[in-house]
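Just below is one structure, and these are the notes that go with it.
2 protein chains.
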Amino acid sequence: MNKVFKALSDPTRRRVLQLLRDRPMSAGELAEHFSVSKPTMSAHFTVLREADLVDASKSGKSVIYRLKLSVLEDALLAFTGAIGLELKPDTAPHTGKETP
Amino acid sequence: MNKVFKALSDPTRRRVLQLLRDRPMSAGELAEHFSVSKPTMSAHFTVLREADLVDASKSGKSVIYRLKLSVLEDALLAFTGAIGLELKPDTAPHTGKETP
DNA sequence: TAGACAATTAGCTAATTATCTAAATGAATG
DNA sequence: CATTCATTTAGATAATTAGCTAATTGTCTA
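So the protein lines, in turn, are chains A and B. Start counting the first sequence at 930; every next residue gets the next number (my numbering). Start counting the second sequence at 930; every next residue gets the next number (my numbering).
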């Protein structure tokens, strides 16, 4: 859980997760959304991978990153539970079509 | 919101919030739960205060810290909302008697 | 009012982090 | 099979952070 919170402490990484909410994306595609160098982005991806918040799979020349939403959810629920902030899953699954 | 996540990125600070869940506590009382020096704890309190996650009030020789649960809740909901992780408040208010 | 006590500030250090450029790796393609 | 393209690794640096001890501030109380 510590790694998850460390990963979430950087705004760039939080934004990456947000982008991945809609669909899996390649490293380069993700990097286009930010004004930092690709190696810097690559380092952010490593942090996210080590926190198990994303999954990386190679596809040809590209590396595709996917959000692991359940890991994020589990960490957040574990923390809020420990704090006594009772949040609970709102069962409506994400469709990827929220803002058409 | 960034300051909140920065504040949450340290396990000591997360634990402080957890301790404050039960009741307001003085700086010294909080510090007793950790094996770091008081000045170090004081620095953690500053981070939590700057993130607006706690409220500090002087009472005689002591400084009493109180958890600002709604600030934490708002930040977490803002983030989970942006991610498409639909958590929602579970309306049951915290009584302070959960584990008697 | 002189200690005693609680907490913070000052000043320092070691470790971590975000960033960069340049180089290396690995896969597809002419 | 040499080139191009996507990504990562190497190596460096500046900024931030968590930690310490010593000193300061502020509030009781004997």
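Positions of the beta carbon are idealized from the N, C-alpha and C atoms, including for glycine. Keep in mind the model is a prediction, meaning the values are calculated, not measured.
Requested in this report: Closer than 8 Å by C-beta to G957 (chain B): which residues in its own chain qualify, once you throw out the five before and the five after it? Chain order, please.
Outcome: K967 and S991
Query raised in the report: Using a Cβ-Cβ cut-off of 8 Å (strictly less than) and excluding sequence neighbours within five positions of M930 (chain A), which residues of its own chain qualify?
Result: If you ignore the 5 residues before and after M930 (chain A), its C-beta comes within less than 8 Å of the C-beta of A1004, A1007 and F1008, all in its own chain and listed in chain order.
Query raised in the report: Cβ of V976 (chain B) within 8 Å of Cβ of A936 (chain B)?
Result: yes
Query raised in the report: How many angstroms separate the CA atom of K987 (chain B) from the CA atom of M954 (chain B)?
Result: 11 Å
Requested in this report: Report the residues of the segment 1000 to 1011 of chain B with a CB closer than 9 Å to any CB of chain A, ordered along the chain.
Outcome: Listed by position, the residues of the segment 1000 to 1011 of chain B near chain A (Cβ gap below 9 Å) are L1001, E1002, L1005, L1006, F1008, T1009 and A1011.
Report task. Just the C-alpha distance for H962 (chain A) and M970 (chain B), rounded to the nearest angstrom, thanks. Result -> 38 Å
Report task. Would you grab the beta carbon distance between L946 (chain B) and L1016 (chain A) for me? Rounded to a whole angstrom, and I think it's under 8 Å. Result -> Contact flag wrong, Cβ pair sits at about 15 Å.
Query raised in the report: Taking the beta strand (DSSP E) that D1003 (chain A) falls in, what are its first and last residues?
Result: It is not in any beta strand (DSSP E) - D1003 (chain A) instead sits in the alpha helix (DSSP H) that spans L998 to I1012.
Query raised in the report: Does the beta-carbon of V933 (chain A) have 16 or more other beta-carbons within 10 angstroms, so that it is buried, or is it exposed?
Result: buried
Report task. Show which residues of chain A have a CB atom less than 8 Å away from the CB atom of K1017 (chain B). Result -> L1016, K1017 and D1019
Query raised in the report: Going along chain B, which residues have a C-beta under 9 Å from P940 (chain A)?
Result: M930, N931 and F934
Requested in this report: Give the range of the alpha helix (DSSP H) segment to which L937 (chain A) is assigned.
Outcome: N931 to L937
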